[in-house]
Amino acid sequence: MNWNTLKTTILLGLLTGMLLVFGKLLGGNVGMVIALFMAAIMNFGSWYFSDKIVLSMYGVRLLEKEDAPVLHEIVERLAKNAGIPKPKVGIAPMDVPNAFATGRNPENGVVVVTPKIVELLDQDELEGVLAHEIAHIKNRDTLIQAVAATIGGAITTLANMAQWFLLFGGAKREEEDGGWAEVIGTVLMVILAPIAATLIQMAISRSREYKADETGGMISGKPEALASALKKLEEYSMRIPPEIAKAEVNPATSHLFIVNPLKGDAIAALFSTHPPTEERVRKLLELAKRLFGRIRETLWRW
620 MNWNTLKTTI LLGLLTGMLL VFGKLLGGNV GMVIALFMAA IMNFGSWYFS DKIVLSMYGV
680 RLLEKEDAPV LHEIVERLAK NAGIPKPKVG IAPMDVPNAF ATGRNPENGV VVVTPKIVEL
740 LDQDELEGVL AHEIAHIKNR DTLIQAVAAT IGGAITTLAN MAQWFLLFGG AKREEEDGGW
800 AEVIGTVLMV ILAPIAATLI QMAISRSREY KADETGGMIS GKPEALASAL KKLEEYSMRI
860 PPEIAKAEVN PATSHLFIVN PLKGDAIAAL FSTHPPTEER VRKLLELAKR LFGRIRETLW
920 RW
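Numbering (the working numbering) for the sequence shown: 620 to 921.
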């Protein structure tokens, strides 16, 4: 298990722990069980229907092989390298150059591109991007993101319920019972839990992007091409007026895209679903050096 996988596991554990603590704080052991049951139901629904919702949201049209033979050939070859079934290929009618993957498992994977990204990138760079998206499918990141989002959503729901509880006399009843510590604890959880859950979700998303970059670079064997594509996409996205980006992208799904389509200021960067592009490029170029070193060592042995 590498560091990104371990970090994701730890962060998911923190989210789950927060949910259970919040449930217990509000309703004791029964509340904890209800919170866990609620999260399980929400997770299943999000996991099973998320791909259909996202494809519908962005008006994605699935492409047959004769519609885009080059795209299908690249995706087929990369999927074979990744050891997964060939995903479906779709196109989203958006003016921004971007790509994303969805699907509840590798058997139901879909890789989606926008027309602009096909125009902007050369074939090697496009292959790097598609390898990144196939890596998301291979690593089951759709499932991981769904679990993180629904647990975070459950925490926020409990926080809202707790607000109503406090507003309608809950705090007064606790005070009369001498439970000031519980009142203070509940207030702190109401304020801090949703913020903490959001930060953890963002951290999970950033961790999965690093992992998809690494896996995608290994699948294509061209991590430097993905690095070049990321730089081009980042430069282009900086020129897109924020109002246009916000009109085309739902913030709830911004984590799906290979480059964050919603740029913000330094404070907003704290809640970014993507790592800094410069850091992603640096890691990819390091991976390219390692791969080149292995090839050179193999040739030397021959």
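Backbone N, C-alpha and C define an ideal beta-carbon position, used for all residues, glycine too.
Beta-carbon contacts of residue i that lie in its chain and below 7 Å, excluding the five residues immediately before and after
i, result
"proline 870", "Leu881"
"arginine 680", "Gly709, Ile710"
"isoleucine 774", "Met637, Leu638, Phe641, Ala812, Pro813, Ala816"
"lysine 841", "Asp743, Glu746, Gly747"
"tyrosine 855", "Pro716, Leu739"
"threonine 635", "Ile770"
"valine 737", "Leu745"
"glutamate 853", "Val878, Thr896"
"arginine 909", "none"
"histidine 691", "Lys684, Val708"
Cut-off 6 Å between Cβ atoms - residues of its own chain near residue i, not counting five sequence neighbours on either side
i, result
"phenylalanine 876", "Asn717, Phe719"
"isoleucine 886", "Only weak support is given to the placement of isoleucine 886: the predicted model assigns it a pLDDT of 48, under 50, and the value that follows is read from those uncertain coordinates. Hits under 6 Å: none found."
"arginine 825", "Pro894"
"methionine 713", "Thr733, Glu867"
"histidine 755", "Ala720, Ala831"
"leucine 904", "Ala846"
"glutamate 843", "Ala907"
Start and end residues, alpha helix (DSSP H) containing residue i
i, result
"lysine 850", "842–857"
"proline 861", "861–867"
8 Å CB neighbourhood of residue i in its chain, flanking five on each side removed
i, result
"isoleucine 753", "Val694, Leu697, Ala698, Ala701, Ile703, Pro706, Ala720, Gly728, Val730, Gly835, Ile838"
"methionine 676", "Asn869, Thr872"
"tyrosine 829", "Asn623, Pro894, Arg899, Lys902"
Beta-ladder partner(s) of residue i, from DSSP
i, result
"phenylalanine 911", "Partner(s): none; phenylalanine 911 has no beta bridge."
"phenylalanine 876", "Phe719"
Secondary structure of residue i, DSSP reduced to three states
i, result
"proline 895", "coil"
"asparagine 779", "helix"
"leucine 881", "coil"
"arginine 827", "helix"
"arginine 901", "helix"
"asparagine 648", "helix"
"leucine 634", "helix"
"leucine 906", "helix"
"glutamine 820", "helix"
Any non-hydrogen atom of the ligand ZN closer than 7 Å to residue i Cβ
i, result
"histidine 755", "The ligand ZN is not part of this structure, which contains no ligands at all."
Counting only runs that start and end within the region 658–742, where is the alpha helix (DSSP H) found for 4 or more residues in a row?
Within the region 658–742, the alpha helix (DSSP H) runs of at least 4 residues that lie entirely inside it are, in chain order, 688–701, 734–739.
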